[in-house]
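Written out below as structure tokens is the structure these notes cover.
Numbering (full-length UniProt numbering), first residue to last: 1 to 122.
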């Protein structure tokens with residue numbers, strides 16, 4: 001899940017690509033940290049391995065809605081739309097423009113709720 005990856009809490013086994021991704025994320029958050037000043041920098045200081053878990057958590061909280069919208073509301077999805085089902089997020093073909101509009105509204109309201117579900121329960 002994107003939120004777990006950003007926050008550095010991915011539960012599954014590591015491979016070389018995931019390790020490279022984590023290293024790149026550490027660099028990004030290091031740059032964000034270096035551009036902060038005073039209290040904001042002290043609040044988000046890095047841990048002993050400079051993973052910046054608190055900064056990652058704060059960044060994800062501030063940008064979660066924008067990330068979900070960018071992932072799911074792209075015009076390139078065409079006639080497909082992600083909608084929330086009680087058991088899972090499923091990709092469905094949507095023909096009617098009215099259904100597409102309604103699916104986007106549902107998606108914006110409900111899709112981010114899964115971010116609060118622990119990864120092993122999804």
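Quick reminder that beta carbons are idealized off the backbone N, C-alpha and C, glycines included.
Quantities reported herein were computed from a predicted structural model and do not represent experimental measurements.
Coil, strand or helix - residue i by DSSP
i	result
residue 51	coil
residue 20	helix
residue 35	coil
Expected contact under 8 angstroms - CB spacing of residue i and residue j to nearest Å
i	j	result
residue 33	residue 55	6 angstroms
residue 17	residue 52	No, residue 17 and residue 52 are not in contact; Cβ-Cβ is about 21 angstroms, not under 8 angstroms.
residue 50	residue 30	7 angstroms
Cβ neighbours of residue i in the same chain (closer than 6 angstroms, five flanking residues each side left out)
i	result
residue 20	none
residue 22	none
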